[in-house]
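The next block holds one structure in the form of structure tokens; read it before the comments.
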Amino acid sequence: MKFIAYGLNHATAPLSVREKYAVEPEKVREVLARLKPLAPEAAFLSTCNRVEFYLSTEKEEKFLEEIREILNRLHRLKPAEVKKYFYLYEGPQAFLHLFRVASSLDSMVVGEAQILGQVKEAYRESQEAGMAGATLNGIFQWAFSAAKRVRSQTEIARMPVNVSSVAVDLAKKIFSVLSEHPALLLGAGEMGELTAKYLVDGGVKDFFIANRTLDKAKALTDRLGGKALSLSEGLSRLGEVDILLTSLGGGSFILKRSDLEGVMKNRKGRSLFVIDIGVPRNVEPGVGNLESVYLYNIDDLSAIAEANKGGRQRAVEDAEALLKEEVNQLCAWLNERELAPTIIRLRGHFEAVREAKLREFLEKNKDLPDKEKTAVERLTRDLIGKLLHDPTVNLKQVTGESDRFDYARMLNDIFLNQDHSRKDRG
Amino acid sequence: MNLPNIALAVTALLYAAGCFFSFRYYRSLEDSFDRSAIRWLSAAFFLQGLALAAGWVARGYAPLDSLEGILSAFSFALGAALLIGRLKTALPVLTSLFAPFIFFVSCLAFLFGLKPVPLMDSRLMTLGMASHIMLTFLGFSHFTLGFGIGVAYWVQEGQLKYHRIKNWSYRLPALEDLDRLTVFYIGLGFLFWLGGLGLGAVQAFEVWNKLPLSDPKIVGSFLVLMIYAGFFLLRWGFKIHGRKSMVLVMVGYVLALFTFVGVRAFLNTQHIF
């Protein structure tokens with residue numbers, strides 16, 4: 001059986017192509033059902049950034065043809081088009097690819113947490129379709145454990161690398177539970193909307209959006225939730241909110257230190273996190289010197305994001321090394337599992353020969369004292385153990401799939417079919 | 001080594017295991033390490049409690065009249081403060097920061113266990129006096145943790161305010177959590193300390209028919225209570241939070257530390273430690 005990873009992702013196919021190949025969740029079962037005759041063990045992962053098949057099969061070529069046909073039929077595409085964007089990994093390369101996907105090293109945003117859940121979902125679908133056998137099960141469980149190691153033992157998931165997620169991360173370092181802290185967005189621009197979305201995803205519940213044009217604020221609240229206000233209404237609510245996000249256009253500061261001094265006096269020591277992503281800046285820099293005010297402008301956030309990128313690069317290198325180690329361990333485990341029947345048969349054969357010869361010897365030497373009989377028995381047992389120890393260890397270290405097969409066949413021919421060969425010659 | 005020494009050594013080893021896992025938690029932020037750390041620290045805490053109780057039963061008096069007993073009781077009180085804090089809020093990073101300190105004190109208890117110490121006036125070897133000592137220990141332990149969290153707040157606030165984000169200290173909990181937990185520890189420490197002082201006064205009055213009000217330890221203890229009362233007044237009366245209120249936590253702790261360990265070294269006191 002060969003383990004294969006076959007598919008396309010954001011690195012090999014542009015969005016226009018990925019859109020065509022994306023398979024709706026309700027059709028995943030249908031795809032798996034069609035693959036079952038060719039690959040008894042298979043999983044199918046379809047997200048906005050990738051469409052991938054993981055399977056254990058002997059009929060690789062037929063399988064690939066079938067996949068192309070399925071996708072062509074689903075999406076009415078030309079076969080040549082399909083081939084161009086797809087990649088194929090086999091054996092250890094396929095394991096490494098799956099591990100990198102599950103650990104989000106292969107993601108568009110490296111370190112994002114969503115992909116692990118999506119891989120788990122693909123595996124669950126495969127289980128429910130009755131297509132997750134011992135091999136696939138072992139490999140996927142190994143992938144989940146490797147992904148967990150990457151998340152816990154490297155800094156990969158702890159370093160936000162875009163301005164919006166840095167802002168949310170900082171908010172969580174000031175306030176323990178974001179849902180208890182209201183937020184106000186001044187402005188309805190694209191960047192403000194994106195950061196506000198991150199804040200809402202991060203847990204902010206009470207949200208006000210204030211803009212010079214109320215209609216734009218209303219349009220934004222339709223998408224994000226919250227309450228739309230006019231700009232003056234928004235500014236009058238500064239005492240109520242704990243997170244202030246400003247993204248207004250215009251040449252002068254909307255918020256001056258003198259404005260916020262009065263506001264802070266009435267806040268009774270409550271912290272205020274000000275995220276100024278407006279260019280030019282909306283908040284006078286002196287505001288950051290006020291007690292309990294934490295002011296970050298776009299450059300401050302970008303500097304943290306950039307510093308995190310450097311740290312994340314190191315984390316990626318650590319994670320890659322860790323995954324290679326995991327793949328080696330998985331290969332050793334699979335080898336051991338595949339060669340186990342041959343090893344058991346080999347040991348059984350030697351043990352049978354030993355027992356027969358020992359019986360013969362004891363028959364001929366019935367007068368031998370019990371102590372010596374036991375010594376002979378122990379000697380033969382130790383001899384067999386010693387003779388088989390090194391070959392067993394060496395066998396477990398064979399890594400190549402074809403090598404593994406050759407070794408197993410050779411052992412079978414030399415030792416296990418010996419009687420049969422003699423008969424053939426006779 | 002006698003049995004109490006063996007118990008102290010085992011306790012120190014258990015605290016060491018707790019430290020090891022809490023350090024691994026700090027590096028990896030993996031919950032399983034925190035769970036292991038808490039298990040080992042709890043085991044150390046209960047063994048230390050058992051050893052103290054066994055010493056009490058064997059001698060008929062709480063084993064708080066020797067340096068070994070005092071340090072052991074102090075690390076026990078620190079363990080209690082840490083575990084009480086964990087019941088209130090699960091902030092494992094703080095366990096990682098405090099566990100080594102508890103381990104250090106428990107090691108001192110083991111190392112000093114072999115040295116002879118001055119005996120206490122036999123008239124003071126009462127249950128009330130033992131309770132006075134334990135309550136002040138608990139109070140001081142809570143002040144210690146409150147101080148530690150106050151320092152963590154100071155560091156975290158400085159990072160966030162002045163944009164000096166460092167990876168190691170960025171793992172500290174949110175300012176809001178640190179602030180709440182500081183108030184919790186100082187509040188609980190205040191109550192223990194107050195109770196300890198009250199019981200001590202009753203004991204002293206029973207033995208000497210007067211209160212040793214000029215004793216520097218007692219003066220220092222009152223000052224500590226006043227500083228912490230000022231801390232609560234600032235917070236709840238004048239709504240002063242953040243760095244300013246943390247200054248009082250630190251000043252209060254420096255005085256508590258001097259009262260606890262410095263007074264005997266530099267001034268005359270009737271207290272044997």
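For the protein sequence lines, the chains are A and B, in the order given.
Here this note's numbering is used: the first residue of the first sequence is 1, the next is one more, and so on.
Here this note's numbering is used: the first residue of the second sequence is 1, the next is one more, and so on.
Don't be surprised by glycine CBs; every beta carbon is placed ideally from N, CA and C.
Among the options, the one whose alpha carbon lies nearest that of residue i
i        : options                                : result
A:Ser176 : B:Val57, B:Ala256, B:Thr89             : B:Thr89
A:Ile4   : A:Arg270, A:Ala33, A:Pro92, A:Gly262   : A:Pro92
B:Tyr25  : A:Arg151, A:Asp201, A:Asn282, A:Val17  : A:Arg151
A:Gln397 : A:Ala356, A:Ile343, A:Gly130, A:Gln141 : A:Ile343
A:Tyr54  : A:Leu35, A:Asn72, A:Cys48              : A:Leu35
B:Leu71  : B:Ala37, B:Ser131, B:Ser141            : B:Ser141
A:Gln141 : A:Leu8, A:Lys62, A:Ala122, A:Gly111    : A:Ala122
B:Leu178 : A:His181, A:Ile174, A:Glu180           : A:Ile174
A:Arg124 : A:Asn137, A:Thr392, A:Ala196           : A:Asn137
B:His163 : A:Glu52, A:His389, A:Leu395, A:Asp300  : A:Asp300
B:Ser221 : B:Leu82, B:Met129, B:Gly139            : B:Gly139
B:Val50  : B:Pro216, B:Phe33, B:Thr182, B:Ala7    : A small fix is needed here, since residue 50 of chain B is Leu in this sequence, not Val. The residue with the shortest Cα to Cα distance from B:Leu50 is B:Ala7.
A:Leu395 : A:Lys172, A:Leu411, A:Lys386, A:Pro369 : A:Leu411
A:Val279 : A:Gly192, A:Arg345, A:Tyr294, A:Pro341 : A:Gly192
A:Ser145 : A:Ala129, A:Val119, A:Asp406, A:Gly7   : A:Val119
B:Phe104 : B:Ser36, B:Gly18, B:Gly55              : B:Gly18
Residue i to residue j span [Cα, whole Å]
i        : j        : result
A:Asp222 : A:Lys268 : 33 Å
A:Glu284 : B:Lys161 : 15 Å
A:Val163 : A:Ser302 : 6 Å
A:Asn328 : A:Ile277 : 46 Å
B:Phe184 : A:Arg149 : 35 Å
B:Phe45  : B:Ala99  : 11 Å
A:Leu383 : A:Glu377 : 10 Å
B:Val151 : B:Val261 : 20 Å
A:Arg337 : A:Cys331 : 10 Å
B:Leu145 : B:Gly189 : 9 Å
B:Pro92  : A:Ala94  : 38 Å
B:Glu30  : A:Arg409 : 45 Å
A:Lys423 : A:Val353 : In this prediction, A:Lys423 has a pLDDT of 41, which is less than 50 and means its spatial position is unreliable; nothing more can be read from the coordinates.
B:Met226 : B:Gly237 : 15 Å
A:His420 : A:Asp413 : With a pLDDT of 43 at A:His420, under the threshold of 50, the modelled position of that residue is not reliable, and the figure given next carries that caveat. Taking the straight line joining both Cα atoms gives about 9 Å.
A:Val161 : A:Glu306 : 7 Å
A:Phe253 : A:Lys27  : 53 Å
A:Tyr198 : A:Ser230 : 23 Å
A:Gly288 : B:Ser131 : 49 Å
B:Phe231 : B:Leu194 : 15 Å
A:Arg314 : A:Ala113 : 18 Å
A:Lys227 : A:Ala183 : 11 Å
A:Ser292 : B:Gly242 : 7 Å
First and last residue of the uninterrupted beta strand (DSSP E) at residue i
i        : result
A:Tyr87  : 87 to 90
A:Asn9   : 2 to 9
A:Val109 : Run containing A:Val109: none; DSSP gives neither H nor E here.
A:Lys227 : 227 to 230
A:Leu45  : 41 to 46
A:Leu178 : Segment: none, A:Leu178 is in no beta strand (DSSP E) and carries neither H nor E.
A:Ala183 : 183 to 186
Host alpha helix (DSSP H) of residue i (start-end)
i        : result
A:Arg50  : Run containing A:Arg50: none in the alpha helix (DSSP H); it sits in the beta strand (DSSP E), 50 to 57.
A:Ala134 : 134 to 153
B:Ala62  : Note, B:Ala62: premise wrong, no alpha helix (DSSP H); not H, not E.
B:Leu94  : 92 to 112
A:Leu395 : 370 to 396
B:Leu13  : 3 to 28
B:Phe266 : 263 to 266
A:Ala122 : 114 to 128
A:Leu35  : 28 to 35
B:Lys244 : 242 to 257
B:Phe232 : 216 to 232
A:Leu24  : In the sequence as displayed, the identity of residue 24 of chain A is Glu instead of Leu. Careful: A:Glu24 lies outside any alpha helix (DSSP H) and carries neither H nor E.
Within the segment 240 to 327 of chain A, ranges of the beta strand (DSSP E) (whole runs, at least 3 residues):
243 to 246, 272 to 276, 293 to 297
At least 3 beta-carbon pairs within less than 8 Å: the segment 234 to 249 of chain A vs the segment 202 to 219 of chain A:
yes
Where are the beta strand (DSSP E) runs, 3 residues long or more, that stay fully inside the segment 192 to 226 of chain A, in chain order?
207 to 211
For a minimum of 3 consecutive residues, which ranges assigned as the beta strand (DSSP E) are wholly contained in the segment 137 to 196 of chain B?
none
Taking contact to mean 3 or more Cβ pairs, one atom from each stretch, closer than 8 Å, check whether the segment 5 to 17 of chain B and the segment 38 to 56 of chain B are in contact.
yes
Is there contact between the segment 72 to 92 of chain B and the segment 45 to 59 of chain B, where contact requires at least three CB pairs shorter than 8 Å?
yes
I want to know whether the segment 8 to 15 of chain A touches the segment 24 to 44 of chain A - three or more CB-CB distances under 8 Å.
no
For the segment 14 to 24 of chain A against the segment 97 to 104 of chain A, are there 3 or more C-beta pairs whose distance is under 8 Å?
no
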